[in-house]
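**Student:** Here you go, one structure.
Numbering (my numbering), first residue to last: -9 to 453.
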């Protein structure tokens, strides 16, 4: 494999390192903190038998996520460029794998995720404003995507400031929900306590089964930490701020999740969660703040989803830009024109405005055409998570090539990456078993990037 190439001319001249530690933490926590914390506790109640098991699973998932984040942070230090995950896969396993990762994000999972989050935001927005504004949820979603695209076209500093602000707002709202549950709401009566499920069994194997089901229910609530790596080329001190920001972001969010569940369980016992899993947060908010609690919760969920949407619109274009910048020289015809568009950097703002506009347009198109793109995204859960496993595994190939120079190194290596790889591989096997047809279709669509890549390679060799 070739030596690591220097930073590209476009990145070296135009992209500017303007993001600080606060923006990194906000992107990590903001992208991870969506609507899951409001609905997942009810799902976990279906398999938990005791309150301590709830806290154990949320803490365990935080540790697993931190293992992946700390490992990726070291590789971002090695390759502190925009779209760092592309470079990690490219240098770890070859350029085809980096290309396939971006191809998957470019055409389906990227715009699909943005569109799926945008429509949920629109639904909550419509509930909050009521009949005051007769606007369909899809148009609220379109407006939100356009808003964040405009903010990011104004410059990465503006995008970072907005993420810090929105993340602070939603964490403040969740703290208010926690405070209300602990100080204002009446505690659950003893008669509502959970009656243990005798069929669950005892012993080590029963605990392993519970842990597997619990992690499967909770772990994806921690998703989104990878996205901050896409802006590694615009972080002022990536060697320090990326590892520290990832650790603070994942660690603080894990603590927040644990405290949220303490608050939930004080008001809604496990048996009640199991009976009505989707209303847990609503019951807590109403118990704490009365009839206005429902509106407060809707606003809080709306802000949480809004922030997650903003993080995606900010980070995804950097990944698209990176792939286009790497392959524009070997592309021909329409593909070359397309890559030139994606790699376009605005001279005044130093932002990849071509990729930002592409992300906005494709996401809005998906939102308008499908109304909800979330079902299509299910086809890509397996191939996308497989890429994440491969990305973390790249540490074993990259570390020998980057001798330590006193910079950040993954704590607990090699156990840290192995923990993440083993757990995610087990979940991946479970997903394949549960959704074989969706897995097959998603994998086939992801692999459509392979002939495009091989065609580019052939064209380059024929020149």
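Here a beta-carbon is modelled for each residue, glycine too, at the ideal position from N, C-alpha and C. It should be emphasised that the depicted structure is a prediction, and the values quoted were computed from it without experimental measurement.
Which runs of the alpha helix (DSSP H) at least 4 residues long sit entirely within the region 133 to 202? Give them in chain order.
**Tutor:** Runs of the alpha helix (DSSP H) inside the region 133 to 202: 146 to 173.
**Student:** Going by DSSP in three states, residue 335 sits in which element: helix, strand or coil?
**Tutor:** Three-state result, residue 335: coil.
**Student:** In this structure, does DSSP put residue 418 in helix, strand or coil?
**Tutor:** DSSP places residue 418 in helix when its eight states are reduced to three.
**Student:** Keeping to the same chain, check which residues put their C-beta closer than 7 Å to that of residue 382; ignore five residues upstream and five downstream.
**Tutor:** Correct list, in chain order: 58, 61, 62, 407, 410 and 411.
**Student:** Please confirm if the region 429 to 447 is in contact with the region 92 to 100, defined as three or more CB-CB distances below 8 Å between the two stretches.
**Tutor:** They touch, by the three-pair rule.
**Student:** With which residues is residue 54 paired in a DSSP beta bridge?
**Tutor:** Its beta-bridge partners do not exist; DSSP assigns none.
**Student:** Does the contact criterion of 3 or more C-beta pairs under 8 Å hold for the region 230 to 244 versus the region 46 to 57?
**Tutor:** Yes, the region 230 to 244 is in contact with the region 46 to 57.
**Student:** In chain order, what residues of the same chain lie with their CB nearer than 6 Å to the CB of residue 442, ignoring the 5 residues before and after it?
**Tutor:** Result list for residue 442: empty, nothing under 6 Å.
**Student:** On the three-state DSSP scale, how would you describe residue 9?
**Tutor:** Strand at residue 9.
**Student:** Can you list, in chain order, the residues of its chain with a C-beta nearer than 8 Å to that of residue 181? Leave out the 5 residues immediately preceding and following it.
**Tutor:** Confidence at residue 181 is low in this model, with a pLDDT of 45, below 50, so its placement is unreliable and the value that follows should be read with caution. Excluding sequence neighbours, residue 181 sits near nothing in its chain.
**Student:** Where do the ends of the alpha helix (DSSP H) carrying residue 311 lie?
**Tutor:** From DSSP, the alpha helix (DSSP H) with residue 311 extends over 283 to 317.
**Student:** Suppose you measure from the CA of residue 464 to the CA of residue 308; what does that come to, to the nearest Å?
**Tutor:** Past the edges of the chain, shown from -9 to 453, lies residue 464, and the structure says nothing about it.
**Student:** Run the CB neighbour count on residue 224, radius 10 Å, all protein chains shown included, and call it buried at 16 or more, exposed below.
**Tutor:** Classification for residue 224: buried.
**Student:** Does the region 318 to 333 come close enough to the region 120 to 129 that 3 or more CB-CB pairs lie under 8 Å?
**Tutor:** Taking 8 Å as the limit for Cβ pairs, the verdict is that the region 318 to 333 does not touch the region 120 to 129.
**Student:** Leaving out the 5 sequence neighbours to the left and right, which residues in its chain are closer than 7 Å to residue 270 when beta-carbon positions are compared?
**Tutor:** Correct list, in chain order: 31, 32, 254, 258 and 263.
**Student:** Which same chain residues, not among the five before or five after residue 38, have their C-beta less than 8 Å away from its C-beta?
**Tutor:** Excluding positions up to five away in sequence, the list reads 44, 47, 200, 204 and 260.
**Student:** In the DSSP assignment, find the alpha helix (DSSP H) that holds residue 359 and state where it starts and stops.
**Tutor:** Element bounds for residue 359: 343 to 360.
**Student:** Have a look at 154, 64, 103 and 101 and flag the residue whose alpha-carbon is nearest the alpha-carbon of residue 293.
**Tutor:** The candidate whose alpha carbon is nearest that of residue 293 is 154.
**Student:** Could you please give the first and the last residue of the uninterrupted alpha helix (DSSP H) stretch that includes residue 384?
**Tutor:** From DSSP, residue 384 is part of no alpha helix (DSSP H); its letter is neither H nor E.
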